[in-house]
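Enquirer:
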Amino acid sequence: MSTSAIDLSLPYKKRVDDALHNKQLKVALDRATGRMAGQRVAAMGAVDAPRLRAQVRQMKEHVLRTWPELLEQLETQVTANGGHVHWAKEAADLQRIVVEIARKANVQKVVKAKSMATEEVHLNQALQRAGLKVVETDLGEYIIQLAGEPPSHIVAPVIHRRVEDIAAIFQRELDMPPTLDPQVICGVARGVLRKEFLSAEMGISGCNFAIAETGTCCIVTNEGNGRMTSTLPRVYVVVMGLEKLVPTVEDAFLQYQALCRSSTGQQCSVYLSMTSGPRKPGDVDGPEEFHLVLLDNGRLDMLAKGYGEALCCIRCGACLNVCPVYREIGGHAYGSTYSGPIGAVISPNIHMEVTDVDKLPYASSLCGACRDACPVQIDLPRMLLELRRDVVEAEGTTLFDRAAMQGFSKMMQSRSSYENAGKLGSLASNVLARLSGGNLTFLPGPLSPWTESRDLPPLARHSFREQWQQRRAARKQIV
Amino acid sequence: MADKRTYSSPPRRVALFVTCMVDMIYPEVGMATVELLERHGVEVLFPLEQTCCGQPAFNAGFWDEARPLARRFVDIFEPLLRSKQIDAVVAPSGSCTAMTSHFYRQLLAEEPGYPERAALLAAATFELTEFLVDVLGVEAVDAQFTGRLTYHGCCHLLRELGIDRQPRTLLQQVNGAEWVALNGEEECCGFGGLFAVKNSGISTAMGNRKVQNLVRSDADVVALCDVSCMTHINGLLSRQGERCRAVHIAQVLANQVDVRPRTLPEPPSQPLEKPRRWQDTT
Amino acid sequence: MSNDREEILARLRAILRRPDLPFPPAAPAPLTAAERMVVTEAAGTPYQLALRFGQELEKLYGSYEIMGSAAEVRLALLHRLDSWAAEEEAARRGPKTEMQGQERMVLGWAPDRLPVEGLAEALSDIGWQLLAPPRLTSPEALANVRWIRFGVTGVSAALAATGSMLMIAGPGQSRSASLLPFRHIALIPFSRLYPTLEAWLAERRAAGDLELLLRSRAGWNLITGPSKSADIEMNLTLGVHGPRHVHAILFDDL
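Protein chains in written order, with the numbering used here: chain R, 300 to 778; chain U, 804 to 1085; chain L, 24 to 277.
Structure follows, in structure tokens:
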């Protein structure tokens, strides 16, 4: 294969280095993120975006405040519609519930529409362990399933791959004749996956939002695999993060439009599929069995720990597309199902195994582009700062860092020690700078990463305060 | 951005919060700031007790280490304000202004007595260009600059404080400058404080994007409002031998910046020696 | 398992009762119908709305035509089917083995659910067969329509501002007809045209049957253009799983 995906279990530093040195990844990310960000700006710019963002935000705040009541209402309505509701506290609970549903319904093959929640709990692996065949049907998800990789973007799972890489995967796995035409590649996938849709007994999808007043689960897709998944198999299972609620039908359409405009820059996605239970008597088609599985897996912890604002997230991916860090390293370097700025906030809270999860809140320059792009106005930089505080409080930093920060704080707490340090620093840095011809080109120890790629000027020979005092003294003499 | 104090008559006396980086590395930026303020009839006080606002520790998650510095900052500046010895605090930095007027709310939330004092201070603390344009109503600056000029909006200034129009207004008044467009002018330069060291690889990649855009813009000088980002951008430009330089806006407005006219021979493509001080070479 | 339910709800209530909880705000106001915005606006006469609908659909690589009456729709559809079939036949690369006699079949809504009368008869006059199985749930039933290239449906509502079609499944109104075939042809009378989705919702809400409608009909789909993907490097590819072509025939029935 021309590029290898980054191993999520590697240490953070290694993941990032691998990403930064992966030229194909850089090309793929450059091609895609810029375009997605541009499309969002155009689509949000075409409407009253501040008002839309404020309204979705208001709606989501109301949802989280009335969360338990809305969950109960949703459960009542889904049940009244003839569906079954299940509650899963942890990943293992969800796996057990879904495997049980499949076993009871005598299922051999499962088709899946894209779902981050099922990625989060590794549902595919659990179903496969139970002897089921699982086929991802979103084109991007299908490609990475063939390649044996996890998704690297909330909305565009195979954003890390160039068309050349994808063609190579299809040639290897599906005997596709050589081509770089995306339309041909897509046609091959259509043929293969159509057979799977027509023969699968169970469909599983995520849930973009569920309407509490009617018990309706909604999925937003462009390809139509979500419709297939919710229409053709005998059993349809929706896996839903506990927070993905909207109170009314009108709220659903409001959020739907904010989601489409923010994620892919569309007015409307091609399909919005809304399922209220199994097919009714007299219906031509549709599933005969409908299950909704509600997943906690750390969402309540997130609320309890003060990160509830992140539960407003509608998973549009806009923060990833504008994030200058994501653009350099892609999704896999985050080591988690959820990447980018929102991933750095979700991952430490959700119950997932993420290597070096403490490093994620630091994987940001705190530039704030994510907050500006977020359709729900989530203050991601603020939460990243608070997560960093949590890391320090949990003694998650090195002893050296702690000692350095304590020393820094002590030094800055007194004018004299600050001034003395300045004088000493000026002397030392100017000697060093003279040796290297003007600027500092080499710094020792923990500061050495700076001078690996950047010069640094020495401290001034005379600080501002010295010059200020001289000036004042001179003025006094004149007067 | 939020709840800034308004003045019925123009403020006469301000305290300069010069920031530790300007104090120790770029005194000329501090001097330019003083000159600009005095030029517009404002008397400048400089409380010598000031050191650092605590941002490096705060951003790194060391809030217990940042808190004494925040309290100290409030203890130095707030009494001056309360006793009406000064009308405002002015800083030549978007980032440090954001720290003291925005993030102190978060940091000092549970320090008895401090939230109110910090709020009073925050309402009267201004970034330099914000103070010049919004408070003093400065429209024309008597500045001269011969060369190609562009602008980089630093992240905290732009997205925490919402300041963008003010520096642009001032730069557009500079005589003789040829304005050039900069691609991605609102994208982070990759500095991010300790991020630049702890995540040096990512930081450099981000900075290199900025450098590429600057080189493509063909600007001689990119003006900005934070010496931290300036240090990062110049560090990369200098290492890569590019002639473009980042310069603090106060230096441009106070006529500290001189660019050799384009009619002179271009400098050698490979620099013969590393520039001694960045300001001298631009 | 029901234990998990009780535990989750009890814990959630306990967390939300905490006075020091930083988020959500203590009493955020629900978004009221009066303040909720219309995201994408449209207005005009039925013909103008039809035009807007078509233009929006065209931007998304769909196609449309506007007819004066249902009779014209019949003729247009017959003509279209023949020319599309010929077009596809000419473009065919592989051998013609797999169609299993489904070349001249159309998968549709039941004739009495379509907004144009006499369509089945008109089709059979020129050698086409309109298929509207009452059940499409078994593998055998699906195999019988597996290779059909054309789907013909009506709509529950068409929304001009975004070029979207709302399809509500029910007896005689299959979900499959707008999903499985390569080409989806939607017949849209002006009486089903609304400026926006919000306008349609407001009308249903005012009539008091919105909730009932959602709960009595299990499958709703809002369709906006042909199936597409941008998963491969953000390149647009059409017809990934759903129809590659969506053609709307709008007609005046007012």
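Backbone N, C-alpha and C fix where the C-beta goes; we use that ideal spot for every residue, glycine too.
Identify the continuous beta strand (DSSP E) that holds VAL941(U) and give its terminal residues.
Expert: Here the question's residue 941(U) lines up with position 138 in the second sequence. No beta strand (DSSP E) contains VAL941(U), which DSSP labels as neither H nor E.
Enquirer: First and last residue of the beta strand (DSSP E) that includes GLY540(R)?
Expert: As a first step, residue 540(R) is located in the first sequence; it is residue number 241 there, counting from the start. Start and end: 534-540.
Enquirer: Have a look at ASP474(R), ILE484(R) and ALA455(R) and flag the residue whose alpha-carbon is nearest the alpha-carbon of ILE465(R).
Expert: Here the question's residue 465(R) lines up with position 166 in the first sequence. ILE465(R) has its Cα closest to that of ILE484(R), out of ASP474(R), ILE484(R) and ALA455(R).
Enquirer: Below 7 Å CB to CB, which residues in the same chain sit around GLU587(R) once its five sequence neighbours on both sides are set aside?
Expert: Stepping through the first sequence from its first residue, residue 587(R) is reached at position 288. Only ARG533, PRO577 and ARG578 meet the Cβ criterion.
Enquirer: Indicate whether at least one CB of chain R lies closer than 7 Å to the CB of ILE191(L).
Expert: Sequence index remark: in the third sequence, residue 191(L) carries index 168 (1-based). So, not an interface residue.
Enquirer: Determine the extent of the beta strand (DSSP E) in which GLU981(U) is found, giving its start and end residues.
Expert: Working through the second sequence from its first residue, we reach residue 981(U) at position 178. Note, GLU981(U): beta strand (DSSP E), 978-982.
Enquirer: Which same chain residues end up closer than 8 Å to ALA33(L) when comparing Cβ atoms and leaving out the 5 residues on each side of it in sequence?
Expert: What you label residue 33(L) is simply residue 10 of the third sequence in a count that begins at 1. Excluding positions up to five away in sequence, the list is empty.
Enquirer: Keeping to the same chain, check which residues put their C-beta closer than 8 Å to that of ALA1139(U); ignore five residues upstream and five downstream.
Expert: Given a span of 804 to 1085 for chain U in the structure shown, any question on residue 1139(U) remains unanswerable.
Enquirer: Look at the Cβ atom of ALA632(R), then the Cβ atom of ALA318(R), and state whether they are nearer than 7 Å.
Expert: Here the question's residue 632(R) lines up with position 333 in the first sequence. Here the question's residue 318(R) lines up with position 19 in the first sequence. Yes; because the gap between Cβ atoms is below 7 Å, this pair is in contact.
Enquirer: For ARG115(L), return the contacting residues in chain R, with the cut-off set at a CB-CB distance below 7 Å.
Expert: Residue mapping note: residue 115(L) aligns to position 92 of the third sequence, counting from 1. Chain R residues near ARG115(L): none, gap ~13 Å exceeds 7 Å.
Enquirer: Taking beta-carbon pairs under 8 Å, can you tell me which members of the segment 639-670 of chain R lie near chain L?
Expert: Those would be none; no residue qualifies.
Enquirer: For the alpha helix (DSSP H) that PRO830(U) lies in, which residues bound it at each end?
Expert: Here residue 830(U) refers to the residue found at position 27 when the second sequence is read from its first residue. PRO830(U) -> alpha helix (DSSP H) spans 830-842.
Enquirer: Under 7 Å, Cβ to Cβ, is there at least one residue of chain L near ALA342(R)?
Expert: Your numbering for residue 342(R) matches position 43 in the first sequence. Not closer than 7 Å to any Cβ of chain L, the Cβ of ALA342(R) fails to qualify, so no.
Enquirer: Taking Cβ-Cβ distances below 9 Å as the criterion, which residues of the segment 1000-1019 of chain U are in contact with chain R?
Expert: Listed in sequence order: VAL1000, LYS1001, ASN1002, SER1003, GLY1004, ILE1005, SER1006, THR1007, ALA1008, MET1009, GLY1010, ASN1011 and ARG1012.
Enquirer: So MET704(R) contacts chain U; which residues on that side make the cut at Cβ distance below 7 Å?
Expert: Reading the first sequence from its first residue, position 405 is the one you call residue 704(R). The answer, in chain order, is ALA860, ALA863, PHE865 and GLU868.
Enquirer: Check whether the Cβ of THR750(R) lies closer than 7 Å to any Cβ atom in chain L.
Expert: In the first sequence, the residue the question calls residue 750(R) occupies position 451. Not closer than 7 Å to any Cβ of chain L, the Cβ of THR750(R) fails to qualify, so no.
Enquirer: If we define contact as Cβ-Cβ less than 7 Å, is GLY265(L) a contact residue for chain R?
Expert: As a working mapping, residue 265(L) is identified with position 242 in the third sequence. Yes, because at least one Cβ of chain R sits closer than 7 Å to the Cβ of GLY265(L).
Enquirer: Between which two residues does the beta strand (DSSP E) harbouring CYS506(R) extend?
Expert: Position 207 of the first sequence, counting from 1, holds the residue named residue 506(R). Counting along the chain, CYS506(R) falls outside any beta strand (DSSP E), and DSSP gives it neither H nor E.
Enquirer: Using a Cβ-Cβ cutoff of 8 Å, what residues of the segment 196-207 of chain L are near chain R? List them in chain order.
Expert: Cβ contacts with chain R come from GLN196, SER197, ARG198, SER199 and LEU202.
Enquirer: Is it buried or exposed, ALA773(R), if we count other Cβ atoms within 10 angstroms and call 16 or more buried?
Expert: By one-based count along the first sequence, residue 773(R) stands at place 474. ALA773(R) comes out exposed.
Enquirer: So, is the C-beta of LEU438(R) closer than 7 Å to a C-beta in chain L?
Expert: As a position in the first sequence, residue 438(R) is number 139, starting the count at 1. With 7 Å as the cut-off, LEU438(R) counts as an interface residue toward chain L.
Enquirer: Could you have a look at TYR637(R) and say whether DSSP puts it in helix, strand or coil?
Expert: Numbered from 1 along the first sequence, position 338 holds the residue referred to as residue 637(R). Of the three classes helix, strand and coil, the one that applies to TYR637(R) here is coil, per DSSP.
Enquirer: Inspect the beta-carbon positions of SER904(U) and THR928(U) and report whether they are closer than 7 Å.
Expert: As a position in the second sequence, residue 904(U) is number 101, starting the count at 1. As a position in the second sequence, residue 928(U) is number 125, starting the count at 1. For SER904(U) and THR928(U), yes; Cβs fall inside 7 Å.
Enquirer: Rounded to whole angstroms, what is the Cα-Cα separation between ALA1022(U) and ARG688(R)?
Expert: Along the second sequence, read from residue 1 onward, the residue named residue 1022(U) stands at position 219. Along the first sequence, read from residue 1 onward, the residue named residue 688(R) stands at position 389. If I take the Cα positions, the gap works out to 40 Å.
Enquirer: I'd like to know whether the C-beta of HIS452(R) is nearer than 7 Å to at least one C-beta of chain L.
Expert: Within the first sequence, residue 452(R) is the residue found at index 153, counting from 1. No, HIS452(R) lies away from the interface with chain L (no Cβ there is under 7 Å from its Cβ).
Enquirer: Would you call LEU734(R) buried or exposed, if buried means 16 or more other Cβ atoms sit within 10 Å of its Cβ?
Expert: For the purposes of this step, residue 734(R) is taken as the residue at position 435 of the first sequence. With fewer than 16 other Cβ atoms within 10 Å, it is exposed.
Enquirer: Residues bridged to PHE173(L) by DSSP?
Expert: Locating residue 173(L) in the third sequence gives position 150, where the first residue counts as 1. Beta-bridge pairing links PHE173(L) to VAL129(L) and ARG206(L).
Enquirer: Chain U partners of TYR717(R), CB-CB under 8 Å?
Expert: Taking the first residue of the first sequence as position 1, residue 717(R) is located at position 418. Residues of chain U passing the Cβ test: CYS823, THR854 and CYS855.
Enquirer: If I measure Cβ to Cβ from ASN495(R) and keep anything under 8 Å in the same chain, skipping five residues before and after, which residues do I get?
Expert: Within the first sequence, the letter at position 196 stands for residue 495(R). Residue 495(R) is actually Glu in this sequence, not Asn. The residues are LYS408, VAL410, VAL434 and THR436.
Enquirer: Whose C-alpha, out of LEU44(L), LEU273(L), PRO47(L) and PRO51(L), is nearest the C-alpha of VAL178(L)?
Expert: Walking along the third sequence from the start, residue 178(L) turns up at place 155. With distances taken between Cα atoms, VAL178(L) lies closest to LEU273(L).
Enquirer: Compare the beta carbon distance of VAL377(R) and GLY585(R) with 7 Å and say whether it is the shorter of the two.
Expert: Counted from its first residue, the first sequence places residue 377(R) at position 78. Counted from its first residue, the first sequence places residue 585(R) at position 286. Taking 7 Å as the Cβ cut-off, VAL377(R) and GLY585(R) do not qualify as a contacting pair.
Enquirer: List, in chain order, every chain R residue whose beta-carbon is nearer than 9 Å to that of GLY979(U).
Expert: As a working note, residue 979(U) is residue 176 in the second sequence. Chain R residues near GLY979(U): none, gap ~27 Å exceeds 9 Å.
Enquirer: I need the straight-line Cα distance from PRO1064(U) to THR949(U), nearest angstrom please.
Expert: Indexing the second sequence from 1 puts residue 1064(U) at position 261. Indexing the second sequence from 1 puts residue 949(U) at position 146. Residue placement at PRO1064(U) is flagged as unreliable, the pLDDT there being 45, under the threshold of 50; the coordinate-derived value follows with that caveat. C-alpha separation (whole angstroms): 7 Å.
Enquirer: From ALA109(L) to TRP170(L), what distance separates their C-alpha atoms?
Expert: Numbered from 1 along the third sequence, position 86 holds the residue referred to as residue 109(L). Numbered from 1 along the third sequence, position 147 holds the residue referred to as residue 170(L). Near 16 Å, if we compare the C-alpha coordinates of TRP170(L) and ALA109(L).
Enquirer: Going by alpha carbons, who is nearest to GLY77(L) out of LEU210(L), LEU236(L) and ARG227(L)?
Expert: Translated into the one-based positions of the third sequence, residue 77(L) becomes position 54. Out of LEU210(L), LEU236(L) and ARG227(L), LEU210(L) has the C-alpha closest to the C-alpha of GLY77(L).
Enquirer: Return the chain-ordered ranges of every beta strand (DSSP E) run that is complete within the segment 838-925 of chain U and spans a minimum of 3 residues.
Expert: Correct list: 846-848 and 891-894.
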